[in-house]
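Residue numbering for the sequence shown follows UniProt numbering, starting at 1 and increasing by one per position.
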Amino acid sequence: MHLVHDPAAPAAEPISFADFLKVDVRAGTIREAARFPQARNPSYILMIDFGPTLGVRKSAAQITERYSPEDLVGRRVLAVVNFPPRQLGPIRSEVLVLGLADAQGAIVLAAPEREVPNGARLA
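And the structure:
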């Protein structure tokens, strides 16, 4: 889901702090990554471990320009875990992995700078 690539684009419409708090962003570790050949755009299917409470969740991510499946296994990521699941062809994507577009428009994964437990919530 690439919405804004232009760093000079205006800020999104303001939201309340209460609305921001509804978005549940958690840290997780990618346990499996595989190519998703049925996707409309080049993508991977990721299995991400969010710890004992949330467990392992599936996501489809369009991050093939900067990462190989082998590069992804063991990598820490941030993801929204409380959006409704989306059916993407044959898979049900349960979380939205977060990333930012680089100067070429390829997605770079958002990740914690230091070690945090799987399932840690964005504070």
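Positions of the beta carbon are idealized from the N, C-alpha and C atoms, including for glycine.
Segment limits, beta strand (DSSP E) that includes residue i
i: Thr64; result: Careful: Thr64 lies outside any beta strand (DSSP E) and carries neither H nor E.
i: Gly28; result: 25-35
i: Leu78; result: 76-80
Exposure of residue i, with buried meaning 16 or more beta-carbon neighbours within 10 Å
i: Gly55; result: exposed
i: Ile15; result: exposed
Collapsed DSSP secondary structure at residue i in the structure displayed
i: Ala18; result: helix
i: Glu13; result: coil
Limits of the unbroken alpha helix (DSSP H) element including residue i
i: Leu46; result: Segment 44-49 is the beta strand (DSSP E) holding Leu46; no alpha helix (DSSP H) there.
Beta-carbon spacing of residue i, residue j below 9 Å
i: Val77; j: Ile48; result: yes
i: Gly105; j: Arg40; result: no
i: Ala111; j: Arg75; result: yes
Original post:
What are the complete beta strand (DSSP E) segments, minimum 3 residues, inside the segment 89-113?
Top reply: 91-93, 99-101, 107-109
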